[in-house]
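Numbering (our numbering), first residue to last: 74 to 228. Note that CB positions come from ideal geometry on N, CA and C, so glycine has one too. All remarks here apply to the structure that follows.
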């Protein structure tokens, strides 16, 4: 999915304003992050002293709001998720913490496998213990639609 030029321009202008409000440098390099099975587009903003992730959600603005709300709630409970620094519901834009370029799948080996899986399960257990008002139960029709997306994204 390619981001239209006018949306990308709006996203970059929005990012500069948000960075300024956060007291950050507004000059940055931008690189697209690898695409996943998502309607969101992700970009890494490389600032002089750190990097952040810029997100554009053109079709699922409501899911971005849920992401921002869940992120805050999870962080308050000590669950390791990216912090949302800025969020624009009307445009579906977010500026979030960058956890870096390393993926679990690339770091796993026989020596650390147990440690990584235990850490992941510990986080899942913390999430299960929360009394969340969302996510709501998934209806079977929606679940089927999401499973059918597999073919669109991977074949």
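Legend entry - Buried or exposed (CB count within 10 angstroms, at least 16 for buried), residue 165: In the chain shown, the residue the question calls residue 165 occupies position 92. Classification for residue 165: buried.
Legend entry - Limits of the unbroken beta strand (DSSP E) element including residue 120: The count along the chain shown starts at 1 and reaches residue 120 at position 47. Run containing residue 120: none; DSSP gives neither H nor E here.
Inset, instruction - Return the chain-ordered ranges of every alpha helix (DSSP H) run that is complete within the region 184-227 and spans a minimum of 4 residues. - result: 186-202, 213-227
Legend entry - Distance, residue 194 Cα to residue 74 Cα: Numbered from 1 along the chain shown, position 1 holds the residue referred to as residue 74. Numbered from 1 along the chain shown, position 121 holds the residue referred to as residue 194. Residue placement at residue 74 cannot be trusted, given a pLDDT of 47 that sits under 50; what the coordinates show is reported in the next sentence. Going by the C-alpha atoms only, they are around 32 angstroms apart.
Inset, instruction - May I ask you to report which of helix, strand or coil DSSP gives residue 161? - result: As a position in the chain shown, residue 161 is number 88, starting the count at 1. Strand.
Legend entry - Beta-ladder partner(s) of residue 170, from DSSP: On the chain shown, residue 170 is found 97 positions in, with the first residue counted as 1. Residue 170 is bridged to 125.
Inset, instruction - May I ask you to report which of helix, strand or coil DSSP gives residue 130? - result: Numbered from its first residue, the chain shown carries residue 130 at position 57. The answer is strand: DSSP assigns residue 130 an E or B state.
Inset, instruction - Measure the alpha-carbon distance for residue 171 versus residue 137 and round it to whole angstroms. - result: Locating residue 171 in the chain shown gives position 98, counting from the first residue. Locating residue 137 in the chain shown gives position 64, counting from the first residue. Rounded to the nearest angstrom, the two C-alpha atoms are 16 angstroms apart.
Inset, instruction - Please confirm if the region 148-164 is in contact with the region 87-104, defined as three or more CB-CB distances below 8 angstroms between the two stretches. - result: yes
Legend entry - According to DSSP, residues forming a beta bridge with residue 114: By one-based count along the chain shown, residue 114 stands at place 41. 129, per the DSSP bridge assignment.
Inset, instruction - Quick one: grab the DSSP three-state call for residue 74. - result: Taking the first residue of the chain shown as position 1, residue 74 is located at position 1. At residue 74, the pLDDT of 47 sits below 50, so the modelled position is not reliable; the number obtained from the coordinates is stated separately. Note: residue 74 maps to coil in three-state DSSP.
Inset, instruction - Below 8 angstroms on the Cβ atoms is my guess for residue 152 versus residue 191; work out the distance and round it to an integer in Å. - result: Within the chain shown, numbered from 1, the residue matching residue 152 stands at position 79. Within the chain shown, numbered from 1, the residue matching residue 191 stands at position 118. Actually they are not in contact, since the Cβ atoms of residue 152 and residue 191 sit about 15 angstroms apart, beyond 8 angstroms.
Legend entry - C-alpha gap between residue 122 and residue 169, whole angstroms: Within the chain shown, the letter at position 49 stands for residue 122. Within the chain shown, the letter at position 96 stands for residue 169. One C-alpha to the other measures close to 15 angstroms.
Legend entry - For residue 97, the three-state DSSP class (helix, strand or coil): Counting from 1 along the chain shown, the entry for residue 97 is found at position 24. Residue state, collapsed to three classes: coil.
Inset, instruction - Answer yes or no: do residue 124 and residue 173 have a C-beta to C-beta separation smaller than 9 angstroms? - result: To locate residue 124, count along the chain shown from 1; it is residue 51. To locate residue 173, count along the chain shown from 1; it is residue 100. Contact: yes.
Inset, instruction - Taking only the alpha-carbon atoms, compute the straight-line gap between residue 126 and residue 206 and give it to the nearest angstrom. - result: As a position in the chain shown, residue 126 is number 53, starting the count at 1. As a position in the chain shown, residue 206 is number 133, starting the count at 1. Cα to Cα, the separation comes out at about 27 angstroms.
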